[in-house]
Amino acid sequence: MPEPDPQGASLLRLAHVSKRFGGVQALDDIAFDVRPGEVLCLAGENGCGKSTLIKVISGVHRPEPGAVMEWEGRDISGLTPAEARALGIQVIWQDLALFPEMSVAENIAFERNLGARPRLVNRKAMRAEAAAVLARLDVDLPLSMPVGRLSIANRQLVAIARALVAEARLVFMDEPTASLSQRETDALIAIVHRLSAQGIAVVFVSHRLKEVLEICTRVTVLRDGRLVGTYPTAGMTQARLTELMTGASFNYAPRPEARPAAPLLELRGLTRHGEYHDIDLTVAPGEIVGLTGRLGSGRTELALSLFGMTRPDAGTILWQGQPLRMRHNRDAIRMGIAYMSEDRLSLGLVQPQSIADNTVVTVLDRVLGRLGLISPARKSALVRDWLTQLRVKIGQPTDAVSTLSGGNQQRVVLAKWLATAPKLLILDSPTVGVDVGARAGIFAIVDELARQGLAILLISDEAPEVFFNADRILHMREGRLIEEFIPARSTLAELEEAVHA
Amino acid sequence: MKGAVMTRFLSPAGRQTTPALRENMALVAVLVVLVLLFASLSDRFLTAATFLSIGYQLPELGLLTLAMLIPILSGGFNLAATFSANIAGLLLASVLIWGGGAAAGPVVLVAAILAALAGGALIGWVLGVVVARTGAHPILASLAMMIFLRGLGEFLTRGGSVSGFPPALLWLGQGQVAGVPVPLIVFGFCAILWAVILNRTRLGFSIYQLGSNLEATRYSGVDTRRALTMVYVLSGLMCAVAGIIMAARFNSVRVGHGEAYLLITVLACFLGRVDPFGGFGRVMPVVLALVILQVIGSGLNLIGTNQHLATALWGAILIAVMVARHLWGRWAAR
Numbered sequence: 214m215p216e217p218d219p220q221g222a223s224l225l226r227l228a229h230v231s232k233r234f235g236g237v238q239a240l241d242d243i244a245f246d247v248r249p250g251e252v253l254c255l256a257g258e259n260g261c262g263k264s265t266l267i268k269v270i271s272g273v274h275r276p277e278p279g280a281v282m283e284w285e286g287r288d289i290s291g292l293t294p295a296e297a298r299a300l301g302i303q304v305i306w307q308d309l310a311l312f313p314e315m316s317v318a319e320n321i322a323f324e325r326n327l328g329a330r331p332r333l334v335n336r337k338a339m340r341a342e343a344a345a346v347l348a349r350l351d352v353d354l355p356l357s358m359p360v361g362r363l364s365i366a367n368r369q370l371v372a373i374a375r376a377l378v379a380e381a382r383l384v385f386m387d388e389p390t391a392s393l394s395q396r397e398t399d400a401l402i403a404i405v406h407r408l409s410a411q412g413i414a415v416v417f418v419s420h421r422l423k424e425v426l427e428i429c430t431r432v433t434v435l436r437d438g439r440l441v442g443t444y445p446t447a448g449m450t451q452a453r454l455t456e457l458m459t460g461a462s463f464n465y466a467p468r469p470e471a472r473p474a475a476p477l478l479e480l481r482g483l484t485r486h487g488e489y490h491d492i493d494l495t496v497a498p499g500e501i502v503g504l505t506g507r508l509g510s511g512r513t514e515l516a517l518s519l520f521g522m523t524r525p526d527a528g529t530i531l532w533q534g535q536p537l538r539m540r541h542n543r544d545a546i547r548m549g550i551a552y553m554s555e556d557r558l559s560l561g562l563v564q565p566q567s568i569a570d571n572t573v574v575t576v577l578d579r580v581l582g583r584l585g586l587i588s589p590a591r592k593s594a595l596v597r598d599w600l601t602q603l604r605v606k607i608g609q610p611t612d613a614v615s616t617l618s619g620g621n622q623q624r625v626v627l628a629k630w631l632a633t634a635p636k637l638l639i640l641d642s643p644t645v646g647v648d649v650g651a652r653a654g655i656f657a658i659v660d661e662l663a664r665q666g667l668a669i670l671l672i673s674d675e676a677p678e679v680f681f682n683a684d685r686i687l688h689m690r691e692g693r694l695i696e697e698f699i700p701a702r703s704t705l706a707e708l709e710e711a712v713h714a
Numbered sequence: 191m192k193g194a195v196m197t198r199f200l201s202p203a204g205r206q207t208t209p210a211l212r213e214n215m216a217l218v219a220v221l222v223v224l225v226l227l228f229a230s231l232s233d234r235f236l237t238a239a240t241f242l243s244i245g246y247q248l249p250e251l252g253l254l255t256l257a258m259l260i261p262i263l264s265g266g267f268n269l270a271a272t273f274s275a276n277i278a279g280l281l282l283a284s285v286l287i288w289g290g291g292a293a294a295g296p297v298v299l300v301a302a303i304l305a306a307l308a309g310g311a312l313i314g315w316v317l318g319v320v321v322a323r324t325g326a327h328p329i330l331a332s333l334a335m336m337i338f339l340r341g342l343g344e345f346l347t348r349g350g351s352v353s354g355f356p357p358a359l360l361w362l363g364q365g366q367v368a369g370v371p372v373p374l375i376v377f378g379f380c381a382i383l384w385a386v387i388l389n390r391t392r393l394g395f396s397i398y399q400l401g402s403n404l405e406a407t408r409y410s411g412v413d414t415r416r417a418l419t420m421v422y423v424l425s426g427l428m429c430a431v432a433g434i435i436m437a438a439r440f441n442s443v444r445v446g447h448g449e450a451y452l453l454i455t456v457l458a459c460f461l462g463r464v465d466p467f468g469g470f471g472r473v474m475p476v477v478l479a480l481v482i483l484q485v486i487g488s489g490l491n492l493i494g495t496n497q498h499l500a501t502a503l504w505g506a507i508l509i510a511v512m513v514a515r516h517l518w519g520r521w522a523a524r
């Protein structure tokens, strides 16, 4: 285990940090250090202890006795959240914690105003401050627009701007690029470098290994609450990093070229004004069609129309050769169309409710017993059946689904839709917030489903994901399909270049 | 997996499905303590008379609480509950009076009860359609409905009361079967019916889901509009039952009767561990909470406490419960 430099060169130094929750050892003897102005990555699968570690550093959790915590060589054990902020430790959580009703300017300047002595709200100063920090980020956001009306990507930028405005010296970013486009990511990376040049340290938590290797100088890897090690990124490869994080190795290769079959779904000139235009597309049984393009290219909007949530203005949907009109998603489900939403937290699952209930919600009519009442026995049999088939790791079926890791939640979503015996499965960004190891598991399931004859429409803005998992890839931009790729006949670099051009 | 277990420890109490048994046991323990306390304070507490007085008083508040429970589970509210009960009572009374008042026969009585139930269901349906279709906040929609019903009722009755009902109806409010008050039997039946609807029907299942997250439930293929409409239809029906029992117990219908119960129904739901934001809560703990409130009321009455003080004590106990649950939640999260 590489021991960090002992003599005060670190901005933050931790040693022997452990944390238990009841019987669970969340952190076990962690050593961790951040140098001033460094860009460090904290990598590891969901549940490896990253969040707990960040919460210890930001004063939310107190570590077990015996822990060493130093800030510029000074002992800071017993830190409270307010003290952590005063030191300049800022955390941008993935859920952002913004105020959706308040304006962009108010959100950005909020923390600063909290810290100040009681004074009148100076709107002009707040706007100026917000505008200045947004300019540093090289983004242009309407300052008076409520944050709730911004895209997820722009909300993320507001959260980043808010941390910058609070004179941070050490910024933790939890999956900051998960929903940013390439250009926005590039802008963020540029900002991270500028912060670093000014002596502000940034700790990146990201699943995008490529990005991690690009922007960080060192990477600290956790697995199962233990420190695997801290490594320089020079000479590190994605494959090696994945191995360190998961303790297993994976091989990637594009799918062999598929044999043509009669389409299950065919779109002809499908249009919904302002969302997508003139879409021609086919998906055949057993085929995985990738649909990629940047955020806002109309991918999700198209998927929602195929799931009956919105109605196209023009064009035809042919289902097994017959025109299909849907009034709502119940019509779609009846036809055998399933949609796994990109927004697992608020649309994919009813997070506070139980794993069991989330699994059977789509197939309630199949768990009815005498008198048309729900049969607990049938229900638990169906739940057990699907959870075993998809190898979902759970405690109890009665636990809230929110207690599961991203990967296991996504398996529950798959279970609830596979239970409806669909013919077409639409997967909208199925690996958002899912670890590398769990991603491979999900795509193994998807591959198996395609072999069983399911038609699959795979939507993702991550080029490698569609490249290695789809038979054909359609590239969407500004609501139109502009080109088609066959992975077996092209390279990942070509696809990435086309998408990010 | 570790993350999973951790979040379970960290999630605030009440936002998860605690085992039903433990949740009931805590309330039963509180009840036992209260009964022992009052029994030691007054030798008249552990008597049939106390049981009967509770048995007659509990159902009114109890039925209205059931009417409030389902909207709260769906993430909503029904502020029109008490006036819906009054209007249903008025429908009952007008059919009975049209059919001969105190001399009305059994056919008229059945017709009157059916009219009251239909009226309650209709009020609920209108409210449900408004909430489900327009997305209006249930508090505002039901508040508007409450004001409408109050005005309508006071207009129709000129602010007075309607009375003169046949003995068969009065039996519903004042009779006994094998020593058990009839209203208590009606309440017990309704509570069981509610438990079956909530735990064992597709509608009940959907109510819990949409109470936690309406959009995610809709995305799962549940007809959330229909389910949300049915929430208020059921609520309206239960209001009508409450209205019928109130009319039978007092042999009169007055608009405004039971108005004071409105907010107590909400507190009874809360004491019964129903999540005020929807999605979680069961019938049994709510019933236990009602019994606890009634035992406190009757017990204080017996030891000669002023009735207003008893009401104040209800409030104080609920505040204490809130604080205790908060402390418990914090302790569990450490």
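Just so you know, the protein sequences line up as chains F and A, in that order. Sequential numbering of the first sequence, starting at 214, is according to the working numbering. Sequential numbering of the second sequence, starting at 191, is according to the working numbering. For every residue, glycine included, the Cβ atom is placed at its ideal position computed from N, Cα and C. Owing to the predicted nature of the structure, the values given are computational and were not obtained by experimental measurement.
Contact annotation: the region 273-284 of chain F does not touch the region 438-456 of chain F, with fewer than three C-beta pairs closer than 8 Å. About 18 Å separates the beta carbons of S703 (chain F) and D674 (chain F), which is beyond the 8 Å limit, so they are not a contact pair. Look at T430 (chain F) here: in three-state DSSP terms it is coil, with no helix or strand label.
Burial is judged here by how many other beta carbons sit within 10 angstroms of a residue's own beta carbon; F470 (chain A) has at least 16 and is buried. Collapsing the DSSP output to three states places A310 (chain F) in coil. When DSSP states are grouped into helix, strand and coil, M258 (chain A) belongs to the helix group.
Here the region 221-233 of chain A lies against the region 479-487 of chain A, with 3 or more beta-carbon pairs under 8 Å apart. Taking the beta carbon of I550 (chain F) as reference, no residue of chain A falls within 9 Å; the closest one sits roughly 10 Å away. Closer than 9 Å to the CB of S402 (chain A) there is at least one CB belonging to chain F.
Here D544 (chain F) carries a helix assignment [DSSP, helix/strand/coil].
Listed in chain order, the non-local C-beta contacts of P700 (chain F) below 6 Å within the same chain comprise P467 and F680, local neighbours out to five positions each way being set aside. Judged by their CB atoms, L311 (chain F) and L350 (chain F) are not nearer to each other than the 9 Å cut-off.
Residue range K263 to I270 is occupied by the alpha helix (DSSP H) that includes I267 (chain F). Contact of G325 (chain A) with chain F is not assigned, every C-beta pair being separated by 9 Å or more. Assignment of G462 (chain A) by DSSP, reduced to helix, strand and coil, places it in the coil class.
Collapsing the DSSP output to three states places A228 (chain F) in a strand.
In this structure, I672 (chain F) lies away from L627 (chain F), with their beta-carbon atoms at least 9 Å apart.
Excluding sequence positions up to five before and after R234 (chain A), its CB lies within less than 8 Å of the CB of T240 and L492, all in the same chain and listed in chain order. The region 258-277 of chain F makes contact with the region 231-245 of chain F: 3 or more CB pairs, one atom from each, lie closer than 8 Å.
In this structure, the beta-carbon distance from L254 (chain A) to M428 (chain A) falls below 9 Å. Interface annotation for the region 285-303 of chain A against chain F: empty, criterion Cβ-Cβ distance under 8 Å. Note that the C-beta distance between S394 (chain F) and L515 (chain F) is not below 9 Å.
DSSP, read as helix, strand or coil, puts H498 (chain A) in helix. Contacts between G561 (chain F) and chain A, judged by CB atoms closer than 8 Å, involve A406 and Y409 in chain order. Contact between L562 (chain F) and A301 (chain A) is absent: CB atoms are separated by about 48 Å, not below the 8 Å threshold. Within the region 540-613 of chain F, the complete beta strand (DSSP E) segments at least 3 residues long are 550-553, listed from N- to C-terminus. Partner residues in the beta bridge of I686 (chain F), as assigned by DSSP, are F:G503 and F:F698. Around the C-beta of T433 (chain F), 16 or more other C-beta atoms lie within 10 Å, and the residue is accordingly described as buried. Within 7 Å of the CB of T391 (chain A), the CB atoms of chain F belong to L586 and I587, in sequence order along the chain.
Classified as buried, R624 (chain F) has 16 or more neighbouring CB atoms from the shown chains inside 10 Å of its CB.
From the beta-carbon of Q566 (chain F), the residues of chain A found nearer than 7 Å are Y398, Q399, S402 and G469. For R543 (chain F), the chain A residues whose C-beta falls within less than 7 Å of its own C-beta are G411 and D413, listed in chain order.
By the neighbour-count criterion, in which a residue is buried when 16 or more other Cβ atoms sit within 10 angstroms of its Cβ, Q535 (chain F) is exposed. A residue is called buried once 16 or more other Cβ atoms fall within 10 Å of its Cβ, and R362 (chain F), having fewer, is exposed. Interface annotation for the region 397-418 of chain F against chain A: empty, criterion Cβ-Cβ distance under 7 Å. Contact check for L242 (chain A) against M336 (chain A) fails: the beta carbons are separated by 9 Å or more.
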